[in-house]
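In full-length UniProt numbering, the protein residues as written are 1 to 298. We put the beta carbon where it would ideally sit given N, CA and C, even for glycine. Working notes for the structure below.
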């Protein structure tokens with residue numbers, strides 16, 4: 001459950017802003033058909049903060065239907081601990097396989113507050129937890145020292161490592177051994193992280209290019225690093241689109257061009273326009289024109 005390629009999927013909307021469950025079902029199924037190992041819903045890429053808790057639970061249900069028994073994790077990223085605990089409990093009741101938990105994205109907790117928040121959410125959900133460590137986006141660094149303090153609670157099982165420092169993967173493993181499954185959460189550091197011990201990839205561009213994402217992970221597992229690197233180098237300009245304030249719009253445009261999906265987003269976001277749209281579209285179209293042939297053993 002805590003390894004392989006796990007897409008952080010986008011949430012699909014109709015033109016009038018309602019949840020588009022049919023399109024989500026179609027897109028989520030493409031991830032499963034490509035060999036992904038689970039789904040994570042309602043994260044940053046999934047526009048979770050723009051959704052009500054009831055909407056997030058509805059997205060969870062759709063993902064569970066598409067996943068065909070593979071794990072589906074709910075992202076918990078709430079301003080207040082009370083609200084985070086409430087969502088964790090609701091997700092558990094709805095049958096989520098686990099939680100991916102962010103400390104408050106609004107208030108920048110100190111170490112003691114970070115530990116207390118994560119413990120409270122884990123207790124409320126009583127599910128396996130992946131700690132989302134993203135000091136760049138959320139200004140809270142869940143350090144190896146914090147991870148060590150939380151290690152006594154068996155519900156904490158994995159780390160989504162998104163510090164944007166490739167040294168951190170090795171630091172976690174050196175400090176804590178195999179206590180946590182370490183998954184990389186930065187698309188354009190994935191090859192590097194997987195090469196030094198990360199066991200999985202919480203991926204973003206996978207939603208538009210699932211086969212290539214899965215191929216990189218599988219090739220590395222098979223010891224075929226040179227072949228994986230060739231695909232990764234082709235993929236890299238696309239993967240850079242994940243590391244942006246506009247990652248949601250970037251990746252939804254990539255989905256529109258690569259798999260015929262939609263670009264509808266929740267306000268205050270707006271679809272890309274003008275020079276920024278032209279730049280992203282050129283990157284995606286160039287990649288599609290040069291798409292590598294995949295030769296991969298199961």
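Which stretch, first to last residue, makes up the beta strand (DSSP E) that contains residue i?
{"i": "residue 248", "result": "Run containing residue 248: none in the beta strand (DSSP E); it sits in the alpha helix (DSSP H), 247-259."}
{"i": "residue 150", "result": "Unbroken run through residue 150 is the alpha helix (DSSP H), 144-150; no beta strand (DSSP E)."}
{"i": "residue 156", "result": "156-161"}
{"i": "residue 129", "result": "129-133"}
Report the three-state DSSP secondary structure of residue i (helix, strand or coil).
{"i": "residue 50", "result": "helix"}
{"i": "residue 169", "result": "helix"}
{"i": "residue 207", "result": "helix"}
{"i": "residue 181", "result": "strand"}
{"i": "residue 263", "result": "coil"}
{"i": "residue 212", "result": "helix"}
{"i": "residue 124", "result": "helix"}
{"i": "residue 39", "result": "strand"}
Would you give the residue range spanned by the alpha helix (DSSP H) that residue i belongs to?
{"i": "residue 2", "result": "Per DSSP, residue 2 belongs to no alpha helix (DSSP H) and is neither H nor E."}
{"i": "residue 190", "result": "190-195"}
{"i": "residue 232", "result": "225-239"}
{"i": "residue 28", "result": "21-33"}
{"i": "residue 280", "result": "274-289"}
What is the C-beta distance between residue i and residue j, in whole angstroms, given that I count them as a contact (C-beta under 8 Å)?
{"i": "residue 162", "j": "residue 133", "result": "6 Å"}
{"i": "residue 96", "j": "residue 73", "result": "6 Å"}
{"i": "residue 217", "j": "residue 194", "result": "7 Å"}
{"i": "residue 31", "j": "residue 87", "result": "Between residue 87 and residue 31 the Cβ distance is about 23 Å, and since that is not below 8 Å, they are no contact."}
{"i": "residue 280", "j": "residue 253", "result": "5 Å"}
{"i": "residue 105", "j": "residue 65", "result": "With a Cβ gap of about 28 Å, residue 105 and residue 65 do not count as contacting."}
{"i": "residue 182", "j": "residue 159", "result": "5 Å"}
Q: Kindly provide the ranges of any beta strand (DSSP E) runs that are 3 or more residues long and lie completely inside the segment 54-116, ordered along the chain.
A: 72-76, 98-101
Q) Contact between the segment 204-216 and the segment 235-252: three or more CB pairs below 8 Å? A) yes
Q | Any 3 or more C-beta pairs closer than 8 Å across the segment 111-130 and the segment 82-98 | A | With three or more CB-CB distances shorter than 8 Å, the segment 111-130 counts as touching the segment 82-98.
**Q.** Contact the segment 258-277 vs the segment 7-19: 3+ CB pairs below 8 Å
**A.** yes
Q. Is there contact between the segment 195-208 and the segment 137-144, where contact requires at least three CB pairs shorter than 8 Å?
A. no
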